[in-house]
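Notes for the one structure printed next.
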Amino acid sequence: MSSVRSYATFYSGRIYFGISTAEVIELAKVAEITPVPLAPPAVSGLINLRGQIVTAIDMRQRLGLQPAPNSEVSVTVLIEKFGVLYGLLVDQVSDILELEHTHFEPPPSNISQSAKELIMGLHKLPDNLLLILDTAKLVQGISSDDPK
Amino acid sequence: MNVDLLDKLMNLVSEMVLARNRLMSFAANSIDPQFTNTVRTIDFITLDLQERMMKTRMQPISTVWSKFPRLVRDAAQETGKKVELIQIGAETELDRSVLESIRDPLIHIIRNAVDHGIELPAERLAKGKRAVGTVTLSSMHESGMIVIDVRDDGAGINIPLVVKMAVQKGLVSAERVQKIAYGEIIDLICQPGFSTRETITTMSGRGVGLDVVRTNVQKIGGSVDISTSDQGTRIRMRIPLTLAIMPALFVECAGQRFAVPQNNLFEMLRYEKNSEGPTVEEIYGVAVVRLRTKLIPLIYLGRELRIDSQSLYEKDTFNIVVVQAAGVEIGLVVDKVLFMQEVVVKSVSELLRGSGIYSGATILGDGRVAMIFDIGGLALRSGLLSKLNETGFRADIPEVVQDIVQTQTMLMFNLVETERVAIPLYYVERLEMFAMSRVERQGNHDVIIYRDQIMKLVWLSDFIESPEIRRSGYGSHINVIVHYQAERPIGFVVNSIRDIVEISSEIVLISPRQQGIQGSAILGDSVVSILDVQEILRLNQLERSNDSVDERDEGLLLEDGTVQVTT
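For the record, the sequence lines run as chains L and B. Residues in the first sequence are numbered from 1 upward in steps of one, following this note's numbering. Residues in the second sequence are numbered from 1001 upward in steps of one, following this note's numbering.
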């Protein structure tokens, strides 16, 4: 069995993230997002992707990062979890990387608990750190955080 | 056939409908006849495809009913009763997803009928009934819904016992019980935890009762009615034919669009400050609007969804959409009432259902997404229902202030250049929307194939405005009011449907008399022209000489005054 894994990578904030390519359906430009009142804050709204409804997740909000200065995200990374399509709104997509699994490391202990839950591990790249996200937790952990 | 595959196909078809809509707007601006003809063909095929696709999802209700004879036999044996089951209309078809969701409620109701309804043979004989009790299941189509009846010829619901148990369980206070109406007693049976059985059997008495039935049926947009006497009980369920597609009213609030399922919908009102129309008052801290003889509590959507910071009282004009939620009429305050459309219901992520106020989402013709409200959930979340219960709010206005003006329910529509024309609702069987391409010429009439019948089209603008308008005034689709004359459909073509309104029966005659118009009436602060249906039919030679006017009116009067709207 090959120990090479391939990851679709993107930036959110200035942080470099990766998701296993097997989970990514496609990348799409951000279409019009219909806001949904009373939805959890991490849910930006719904997108119509060729007749399918996609739940848009604001990755900056989800990862606890500062909102984008011009509040504009450019790309949606489409994944399917538990039968529902989710669109991860990210700042910028990058390359697909093939990485040796042997170089995979658990997340460092000094990152916050909430972030640790979402990060399965990381790859140390020559000039950067690639954080690998756990998409199931990414989607499941969204709470309604209802202020009411 | 695999349901998943069907759903995917259905998805593709609805996507194709959207793509077609976009294509049609290009065709409308094109002067290339070959292109427009091709688009027309695509339009036709898409429509056909959509209709057929819907049909593949339909299954006869007998697929669920087939298990019931056994159910009744077992239940009867267990209780020592003799019961026969009669099935009427087992071939009625409905969407398979709907079928799935009515199975359990039906099982429950039938068990109830045998266990609670039908008496023991000796008791029945003593009452002069046959020793063998009957449970009758029947189903039929009625104005776009399926009506399923479960009737038994048993003892009926013991009203005094119901009241006693309800007081005992604290579902209602003892002093309130003195004043409650018959309808509300029936409502008590549907309260969670209600059961009249003192002993728990394997079948009944677990307190999981009609409330579950009602919640399940309401979840799929249906309703449950109960009527009872000492000759038996009838439980009537009204269920939409399909969950995948349903008619909905689109409303706008703070610039966002939402869909209100039509089966929750009663009527629409427009509120204008300092006008003759409805007035908003506050009773027990609940904003209400006076509507004829009722007080309708209001939910201000903008505030409820936290998308509008303005308070209700700061607004000069708004629209009220009267809906029914959990048996209560509620007015949703919205900025605008947009249009009625059949929507393809798409499920949404659990994340969005958390708030409990949405049942799904849909995609509009312009490709934008709109959320569909779960009206019951919205009412619950607003806290309005519990507030109403606490304060003992009564919707009926005491006799003294009752409206004394006689009114008639009419459907208001627009013609191309003439706005606010109304037709008495009893002439209206259905509202439909057809692609212009489906209109065919037969002799000197325009016709359309409608439910396997040839429907003659009457372009109202020809009579009321001028025949020239027809060429330019209509787009790619026409709105048609379907009226049945001697069991044959006649379609009145109008430009757009506006609203159902109550119009004073006092019709003011106008002079000089206008062709096709009976007269005018005043609605709020505007004038409505009342269509002279008889004259229009006469002008079209559609009237049958042996029909007297009275008979015709009688025959078409809709039972409950409602009208099924589909587009």
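From the three backbone atoms N, C-alpha and C, an ideal C-beta is built for every residue, glycine too. No experiment lies behind these values; they were computed from the predicted model shown.
Which of helix, strand or coil DSSP assigns to residue i
i: T21 of chain L; result: helix
i: E32 of chain L; result: coil
i: I1148 of chain B; result: strand
i: E1419 of chain B; result: coil
i: N1319 of chain B; result: strand
i: Q1518 of chain B; result: strand
i: D1211 of chain B; result: helix
i: D1446 of chain B; result: strand
i: E1123 of chain B; result: helix
i: D95 of chain L; result: strand
i: G141 of chain L; result: coil
i: Q1474 of chain B; result: The question names Gln, but residue 1474 of chain B is Tyr in the sequence shown. It is coil, neither helix nor strand.
i: A56 of chain L; result: strand
i: E1100 of chain B; result: helix
i: T1362 of chain B; result: strand
i: L129 of chain L; result: strand
i: K1336 of chain B; result: strand
i: G1377 of chain B; result: helix
i: Q1262 of chain B; result: helix
i: E1015 of chain B; result: helix
i: S1382 of chain B; result: helix
i: I1500 of chain B; result: strand
i: R1513 of chain B; result: coil
i: R50 of chain L; result: coil
i: R1368 of chain B; result: coil
i: T102 of chain L; result: helix
Start-to-end residues for the alpha helix (DSSP H) that takes in residue i
i: R1303 of chain B; result: 1301-1304
i: F1044 of chain B; result: 1033-1056
i: L1161 of chain B; result: 1159-1168
i: V1064 of chain B; result: 1062-1065
i: A1076 of chain B; result: 1068-1079
i: E1350 of chain B; result: 1350-1353
Partners in chain B for residue i, counting only beta-carbon separations shorter than 9 Å
i: F43 of chain L; result: It is Val, not Phe, that sits at residue 43 of chain L in the sequence shown. The contacting residues are S1349, L1351, L1352.
i: V84 of chain L; result: S1347, V1348, S1349, E1350, L1351
i: T55 of chain L; result: V1348, S1349, L1351, L1352
Endpoints, the beta strand (DSSP E) within which residue i is located
i: I1226 of chain B; result: 1223-1229
i: G87 of chain L; result: 84-90
i: K1456 of chain B; result: 1453-1459
i: P1568 of chain B; result: Here chain B covers residues 1001 to 1567 and nothing more, so residue 1568 of chain B does not appear.
i: S109 of chain L; result: Per DSSP, S109 of chain L belongs to no beta strand (DSSP E) and is neither H nor E.
i: R1292 of chain B; result: That residue, R1292 of chain B, is in no beta strand (DSSP E); it is neither H nor E in DSSP.
i: A8 of chain L; result: 4-12
Rounded C-alpha distance that separates residue i from residue j
i: Q1310 of chain B; j: G1376 of chain B; result: 24 Å
i: G1519 of chain B; j: V1527 of chain B; result: 10 Å
i: I119 of chain L; j: Q61 of chain L; result: 15 Å
i: A1370 of chain B; j: Q52 of chain L; result: 13 Å
i: K1008 of chain B; j: R50 of chain L; result: 12 Å
i: N1263 of chain B; j: Y1300 of chain B; result: 20 Å
i: G13 of chain L; j: D58 of chain L; result: 11 Å
i: V1439 of chain B; j: F1492 of chain B; result: 13 Å
i: V1260 of chain B; j: G1089 of chain B; result: 31 Å
i: I1423 of chain B; j: V1501 of chain B; result: 10 Å
i: V1400 of chain B; j: R1292 of chain B; result: Bear in mind that a pLDDT of 40 at V1400 of chain B, under 50, signals an unreliable position, so the number given afterwards is only what the model happens to contain. Computed Cα separation, rounded: 12 Å.
i: R1552 of chain B; j: M1340 of chain B; result: With a pLDDT of 38 at R1552 of chain B, under the threshold of 50, the modelled position of this residue cannot be trusted; read the value that follows with caution. In a straight line, the C-alpha of R1552 of chain B is about 29 Å away from that of M1340 of chain B.
i: E1078 of chain B; j: R1057 of chain B; result: 37 Å
i: V139 of chain L; j: K81 of chain L; result: 8 Å
i: E1535 of chain B; j: D1446 of chain B; result: 19 Å
i: F1463 of chain B; j: Q1514 of chain B; result: 9 Å
Residue i: contacting residues in chain L (beta-carbon distance under 7 Å)
i: G1367 of chain B; result: N48
i: M1371 of chain B; result: V36
i: L1006 of chain B; result: What L1006 of chain B touches in chain L: nothing, since even the nearest Cβ is about 15 Å away.
Beta-carbon neighbours of residue i, restricted to chain L and to distances below 8 Å
i: N1011 of chain B; result: G51, Q52
i: Q1256 of chain B; result: T34, P35, P37
i: I1363 of chain B; result: N48, G51, I53
i: I1357 of chain B; result: L38
i: L1018 of chain B; result: G51
Listed by chain order, chain L residues near residue i by CB distance under 9 Å
i: I1454 of chain B; result: Near I1454 of chain B there are no residues of chain L at all, since even the closest Cβ is about 34 Å away, more than 9 Å.
i: E1015 of chain B; result: R50, G51, Q52
i: L1049 of chain B; result: Result: empty, since nearest Cβ-Cβ is about 14 Å, beyond 9 Å.
8 Å Cβ cut-off: residues of chain B touching residue i
i: I142 of chain L; result: L1351
Chain-ordered residues of the segment 28-41 of chain L with a beta carbon less than 9 Å from chain A: You won't find chain A in this structure, because its protein chains are L and B.
Output needed in chain order: residues of the segment 1294-1328 of chain B with a Cβ under 7 Å from some Cβ in chain L. L1305, R1306, I1307
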